[in-house]
Structures are given as C-alpha cells and as structure tokens.
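Residue numbers (our numbering): 346 to 425.
Below you can see the structure in the form of structure tokens.
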C-alpha cells in the first residue's frame, strides 16, 4: 500500500474530526465515509484506521441522532 493512501485517509479522518468538533455532524460524517471508502480499497481489514473510523462514525451517530429520526445512516448501514 502506498504511504500516500494512508496519509489521505488520516487527513480525511482529521477533517471529519474538525467538523465534528464544530458541531457540523453531517459534514463530519461525509468525511468519515470518504476515509472509510478509501480504507476499504487500500488497507487490510485489521488495520487500526478501520477501528478509528468506525468509532468516529459512532460518535457522529450518538451526538447527531435524535431518538426517533436520522439523516445519517446507522453505523451498520455505513459498514455495508
């Protein structure tokens, strides 16, 4: 795996974290999804970045979702 893929995934994840901290959960989710899609194409499934990305998607779900409705798909849908 080229190093630049690893760096791009981390950058996308970090941008997502910035949006998350700003309370822009939809934008954060989009960046986490972009990073996850790139990770799925370039990294082995047991890579630590997968755990980080899944944890970050869970954070967005926990903070963004209201008990009854969701604009952001659930983590189980995001992983599929």
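Note that beta-carbon positions come from the ideal geometry of N, C-alpha and C, so glycine has one too. In this text the structure is predicted, and so the values were computed from the model without any measurement.
Rounded to a whole number of angstroms, what is the C-alpha to C-alpha distance between residue i and residue j?
{"i": "residue 377", "j": "residue 390", "result": "16 angstroms"}
{"i": "residue 387", "j": "residue 350", "result": "7 angstroms"}
{"i": "residue 356", "j": "residue 375", "result": "13 angstroms"}
Give the single residue among the options whose Cα lies nearest to the Cα of residue i.
{"i": "residue 398", "options": "350, 361 and 352", "result": "361"}
Decide if residue i is buried, meaning its Cβ has at least 16 other Cβ atoms within 10 Å, or exposed.
{"i": "residue 400", "result": "exposed"}
{"i": "residue 405", "result": "buried"}
{"i": "residue 358", "result": "buried"}
Is the distance from the Cβ of residue i to the Cβ of residue j below 8 angstroms?
{"i": "residue 353", "j": "residue 383", "result": "yes"}
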